[in-house]
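Numbered per mature numbering (1 follows the signal peptide of the UniProt record, and there is no 0), the sequence shown spans residues -27 to -1, 1 to 303.
All remarks here apply to the structure that follows.
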Amino acid sequence: MRRPVVAALAAAALVTTGLGGASAASAGTQVVLPITGTTSLANPLAGGAVLTMPAGAKLVGDLDLLRDPLIEGDMLIPPITAKVRALNIPVLGDTTSTVVLEPVGKTKARTIEGGIVTAETSFRIALPEVRSDLPLADKLNLGGPDCKTDVITTTLTSTKPFSLTEALPMKATFTIPKISGCPTFLWIPLSSWALNTLMGGEGNTLDLMVGPISGAASPAPAPAPAPAPAPAVKATLKASAINASAKKVVWGKAGKVKVRVRPSAGATGTVRVYKGKRLLGTKVLRDGRATLTVRKKALKAGKHKLRVVYSGSKTLKASKRTVVVKVVKR
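Here's what the structure looks like:
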């Protein structure tokens, strides 16, 4: 039963995005799916580190309605700047790292029962730079050009059925295997030992938004388009307003941020919640409403001012506002 579903989705994608007919799809049609979201480290010695996917992250591959997998391509993730608090010790444990997710082989996306999407992917985590934030100590780099993990293989699974017009939430857990190739000191692999102790282990998570699907840019030069009446288009967009609320959270438990975008008619797209520059959650609006989950231990005890951002839609402007959440100890 899965092949008719795959063929129907692929054909609809081709029509919607204007990528060509069945003959082109049978040979493979290149598509691009933007990627946003976070990677969270489960090792308690990493202090609950959350890495945000950088701008420009994407999956580039071939869509073919006559093939299984439906999409086969490459994850392209620019280097990530990561702030990790080792041993959860302020100041002394603060580090800044450059993290590179190196793809190994192709990522293969399929549809399964109910339109749910799975994506098998393999990668290594490379650590070219791992430095303390302390003055002088930052001269020592625990990482290096050959400092990386063994191959990690995991399967991302969507939490909603495939959509042609909206980003798809996808989640996965993975284990960080042995890290090797890091600098040695007096022939002792102290860097590899320290990084394995800090990062290694299971229960790490990928929490991503993938898509929406679009065609790849053609290498052939296109004729210059006629001047677009941009001011007239902008004038048709209505202002949007966000109502957001968050109940008191007991530290160690997940929190909820309830969001409503007005006017609800036309309020499609996504809302995101940030603490500073750190993305805490992303949710697709339904009837102008969404409830975002803030994972447990993502916020320390105390009051936190969170930023709620609405992406806007074809009829509504983007908007943002702040909401205060209080995290208390038991």
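Even glycine gets a Cβ: it sits at the ideal position worked out from N, Cα and C.
Computed from a predicted model, the values in this text were never measured in an experiment.
Provide the residue span of the beta strand (DSSP E) that contains residue i, from first to last.
{"i": "Ala182", "result": "One point to set straight first is that residue 182 is Met, not Ala, in the sequence displayed. Per DSSP, Met182 belongs to the beta strand (DSSP E) from Gly174 to Val183."}
{"i": "Ser292", "result": "Ser292 to Val301"}
{"i": "Lys256", "result": "Arg251 to Val257"}
{"i": "Gly34", "result": "Lys31 to Leu36"}
{"i": "Val72", "result": "Asp67 to Pro76"}
{"i": "Leu43", "result": "Here Leu43 belongs to no beta strand (DSSP E), and DSSP marks it neither H nor E."}
{"i": "Leu24", "result": "Val23 to Thr25"}
{"i": "Lys231", "result": "Gly228 to Arg235"}
{"i": "Ile53", "result": "Ile53 to Arg58"}
Can you have a look at residue i and say buried or exposed, based on whether 16 or more other CB atoms are within 10 angstroms of its CB?
{"i": "Asp111", "result": "exposed"}
{"i": "Ile152", "result": "buried"}
{"i": "Val90", "result": "buried"}
{"i": "Asp119", "result": "exposed"}
{"i": "Glu175", "result": "exposed"}
{"i": "Thr122", "result": "buried"}
{"i": "Gly78", "result": "exposed"}
{"i": "Phe158", "result": "exposed"}
{"i": "Ser218", "result": "exposed"}
{"i": "Ala238", "result": "exposed"}
In three-state DSSP terms, what is residue i?
{"i": "Ala110", "result": "helix"}
{"i": "Pro7", "result": "strand"}
{"i": "Ser210", "result": "One detail in the question is off: residue 210 reads as Leu in this sequence, not Ser. Correct three-state label for Leu210: coil."}
{"i": "Gly88", "result": "helix"}
{"i": "Asn169", "result": "helix"}
{"i": "Ala99", "result": "strand"}
{"i": "Ala271", "result": "coil"}
{"i": "Val(-13)", "result": "In this prediction, Val(-13) has a pLDDT of 34, which is less than 50 and means its spatial position is unreliable; what the coordinates show is noted afterwards. Reduced to three states, the DSSP call for Val(-13) is helix."}
{"i": "Leu163", "result": "helix"}
{"i": "Ala19", "result": "helix"}
{"i": "Gly116", "result": "coil"}
{"i": "Pro150", "result": "coil"}
{"i": "Gly239", "result": "coil"}
{"i": "Val124", "result": "coil"}
{"i": "Thr94", "result": "strand"}
{"i": "Ala219", "result": "strand"}
Just to confirm before moving on: does the CB-CB distance between residue i and residue j stay below 8 angstroms?
{"i": "Leu252", "j": "Thr11", "result": "yes"}
{"i": "Pro134", "j": "Met182", "result": "no"}
{"i": "Lys270", "j": "Gly21", "result": "yes"}
{"i": "Ala30", "j": "Pro51", "result": "yes"}
{"i": "Ala145", "j": "Thr170", "result": "no"}
{"i": "Gly184", "j": "Leu36", "result": "no"}
{"i": "Ser213", "j": "Leu107", "result": "no"}
{"i": "Lys229", "j": "Ala274", "result": "no"}
{"i": "Leu24", "j": "Met48", "result": "no"}
{"i": "Ser292", "j": "Thr241", "result": "no"}
{"i": "Leu43", "j": "Met172", "result": "no"}
{"i": "Thr80", "j": "Ala92", "result": "yes"}
{"i": "Glu139", "j": "Val4", "result": "no"}
{"i": "Gly254", "j": "Leu272", "result": "no"}
{"i": "Leu115", "j": "Leu179", "result": "no"}
{"i": "Ile149", "j": "Asn177", "result": "yes"}
{"i": "Ser95", "j": "Thr130", "result": "no"}
Does any C-beta atom of chain E lie closer than 8 angstroms to the C-beta of residue i?
{"i": "Lys121", "result": "In the structure shown, chain E does not exist; there is a single protein chain."}
Requested in this report: May I ask you to verify whether the segment 235 to 247 touches the segment 264 to 282, counting CB pairs closer than 8 angstroms and requiring at least 3?
Outcome: yes
Requested in this report: Please confirm if the segment 250 to 266 is in contact with the segment 294 to 303, defined as three or more CB-CB distances below 8 angstroms between the two stretches.
Outcome: The segment 250 to 266, when compared against the segment 294 to 303, does not touch it at the 8 angstroms Cβ threshold.
Report task. Decide if the segment 66 to 76 is in contact with the segment 96 to 112; the criterion is three or more beta carbon pairs, one per stretch, under 8 angstroms apart. Result -> yes
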